[in-house]
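Counting in the numbering used here, the sequence shown runs from 1086 upward without gaps. Report on the following structure.
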Amino acid sequence: MEPQGNPAQHREAGRLAEAFRIFNQASEELAGAYTSLQEQVAGLTAELAMANGRLKREYEEKAALTERLSLLLDTLPAGVAVLDAMGRVEQANPAAAAILGANVEGRVWDEFADSCLEATSTPGEAEMPRRGRRRVAVTETRLVSSGGRIVLIHDITEAHRMKTQAARSERLAAMGEMAAGLAHQLRTPLAAALLYAGALENPALPQKERARCGSKVMERLRHLERLIRDMLTFARGEATGGETIPVSALVAELVQVFEPLARVRGASFTVSDESRNAAASGNRKALAGALTNLLENALDACGASAGGHIELRAEAREGMARFLVRDNGRGMDAATQARLFEPFFTTRAEGTGLGLAIARGVARAHGGGIEVESVPGGGATFTLALPVCAAAVSLPPGPFPTSSGEERCDRVAIL
Ligand code: ADP
């Protein structure tokens, strides 16, 4: 049955019913939105939990790494100092304090090094005058990210002492061998000198013969003198001095000494210097002597026939200065090469066989060495290598012409 009542009430009831319907629809939509929001919140919470877990793991891994690194730093026998971009020590391990005898944290490293470390003739090694002259090796590495540096300090006092002792023992052992060889070497010229001197005792000896015997005695005695001088040089072992020796200056000195010798013997001599501004540290006279010996041997290997050619080349790379002495002489076989550096090994009648033994001793005393490459009849190349010292200096151009201002000078002299 249709409700009875006035039409106004009827319309009001209809609007109310419509309002309820709209309200119901809106609340259903809201409920839907709320559910979806809840789902999103749940998703985000799960993601956050995962991210938190990852972060926690990363944090724990980093903490473990830091712990491992600090443990490593604390137990390392080498000293480690970490410098900031201004060169101030941010962190130093206990070994650094023990080796340096001071806590360097907070100090400017270069100032500390200047006041407590004294450079030695070996690059990268220093002595500590206030710590009983203990010897340390110091290496620095740049930290690209922070602009700072890591300084690694090793106490090499013992290693250095043992190295010096080993070098001395090696020299003593070589001297023992040498003493035996020396007796033999001295006997022959001495016997010859005695023989000629004995002949001089004869009053009836004609004047011309007397002069010939006299000069033979002198010749043999000079040979003996050379032998003794070379042996003393070898025995001394040429202790290195602390001179800074620009490679180019050494090359210039060698050219000055060797050019006239090559000219007299009719050999051509080429010099090329690509050492730039490199410098070595040590005993200039000893090094010049060793290199002159290589050049003289090269000249001797070329013999008296024309066409002899000797090349001297200096170069510097990878922290080493190299002097190459190349000749186109007789060369040598493997057996000769194996004995080259033995004291008294010589194939020359007038040789003492000490030149290369001394040259190698000098090169080794400077932290370097000598190598040889040769084939019989194909010439020889001797390479004397030396470490370049840190204090390389800027040089005026050498005494021979430089090509268009480049730091290189070549010279070809047909002498
Ligand atoms: P010495 O010059 O008194 O003989 P060294 O020790 O200088 O003594 O040389 C030893 C030997 O090495 C020489 O006698 C020679 O046989 C050989 N030798 C050295 N340099 C060369 C060279 N450039 N070419 C060929 N042989 C060489």
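We put the CB at the ideal spot given by N, CA and C, even for glycine. On a predicted model such as this, the values are computed, not experimentally measured, just so you know.
Delimiting residues of the alpha helix (DSSP H) encompassing residue i
| i | result |
| --- | --- |
| M1135 | P1092 to T1160 |
| D1385 | R1369 to C1387 |
| A1034 | Outside the shown range of the chain, which is 1086 to 1500, sits residue 1034, and nothing can be said about it. |
| R1424 | A1419 to R1424 |
Reference residue i, options the options, closest by Cα
| i | options | result |
| --- | --- | --- |
| L1372 | G1138, L1469, Y1119 and T1242 | L1469 |
| A1434 | C1201, T1273 and A1337 | T1273 |
| L1271 | A1252, M1260, P1288 and R1305 | R1305 |
| D1240 | R1253, A1465, R1227 and R1216 | R1216 |
| V1460 | A1444, P1472, F1426 and R1411 | R1411 |
| D1315 | F1467, M1260, E1338 and L1275 | M1260 |
| A1268 | I1238, G1388, L1228 and L1312 | L1312 |
| E1225 | M1213, P1214, I1238 and R1219 | I1238 |
| V1457 | Q1422, G1404 and G1463 | Q1422 |
| I1395 | T1431, P1428, F1429 and L1339 | L1339 |
| G1028 | S1357, G1453 and G1392 | Since the first residue shown for the chain is 1086 and the last is 1500, residue 1028 is missing from the structure and cannot be characterised. |
| S1300 | E1243, E1286 and A1282 | A1282 |
| G1454 | G1463, F1467 and G1462 | F1467 |
| H1451 | T1249, F1429, E1344 and S1254 | T1249 |
| A1211 | E1328, L1185, E1286 and S1230 | L1185 |
| E1243 | A1264, V1349, F1430 and R1218 | R1218 |
| A1375 | G1446, W1194 and A1104 | G1446 |
| T1078 | R1192, L1122, K1370 and A1347 | Given that the chain is displayed from residue 1086 to residue 1500, the structure contains no residue 1078 and the question cannot be resolved. |
| V1221 | A1258, A1252, A1182 and R1192 | A1182 |
| E1175 | A1093, D1159 and R1192 | R1192 |
Opposing strand residues paired with residue i [DSSP bridges]
| i | result |
| --- | --- |
| V1342 | Paired residue(s): none; V1342 is not in a bridge. |
| D1199 | Beta-bridge pairing links D1199 to no other residue. |
| M1213 | R1219 |
| A1166 | A1177 and V1236 |
| R1227 | R1234 |
| P1331 | A1364 |
| V1193 | R1173 |
| A1204 | A1211 |
Terminal residues of the beta strand (DSSP E) in which residue i lies
| i | result |
| --- | --- |
| A1406 | M1405 to D1412 |
| T1355 | S1353 to E1359 |
| V1468 | A small fix is needed here, since residue 1468 is Thr in this sequence, not Val. Start and end: A1465 to P1472. |
| V1457 | G1454 to S1459 |
| L1290 | Taken as a continuous stretch (DSSP letters only), L1290 belongs to no beta strand (DSSP E), as it is neither H nor E. |
| L1397 | H1394 to R1402 |
Beta-carbon separation (whole angstroms), residue i vs residue j, contact threshold 8 Å
| i | j | result |
| --- | --- | --- |
| T1377 | V1336 | About 12 Å separates the two Cβ atoms, so there is no contact after all. |
| L1425 | A1448 | Between A1448 and L1425 the Cβ distance is about 13 Å, and since that is not below 8 Å, they are no contact. |
| R1368 | G1440 | It should be pointed out that residue 1368 corresponds to Asn in this sequence rather than to Arg. The pair is not a contact, with the Cβ atoms about 17 Å apart (cut-off 8 Å). |
| A1444 | L1379 | 6 Å |
| V1189 | A1177 | 5 Å |
| I1330 | S1366 | 7 Å |
| G1388 | G1416 | Incorrect: roughly 12 Å between the Cβ atoms, too far for contact. |
| A1465 | A1386 | 6 Å |
| R1295 | L1285 | 6 Å |
| G1266 | P1162 | About 44 Å; that fails the 8 Å criterion. |
Chain C contact for residue i (CB, 8 Å cutoff)
| i | result |
| --- | --- |
| E1152 | Any reference to chain C falls outside this structure, which holds one protein chain only. |
* To do: Check whether the segment 1393-1407 touches the segment 1359-1368, counting contact only when three or more Cβ pairs, one atom from each stretch, lie closer than 8 Å.
  => yes
* At least three beta-carbon pairs within less than 8 Å, the segment 1198-1210 to the segment 1141-1153 -> no
* Counting Cβ pairs, one atom from each stretch, are 3 or more of them under 8 Å apart for the segment 1434-1446 and the segment 1169-1187? -> no
* Are the segment 1226-1244 and the segment 1161-1168 in contact at 8 Å, needing three or more beta carbon pairs? -> yes
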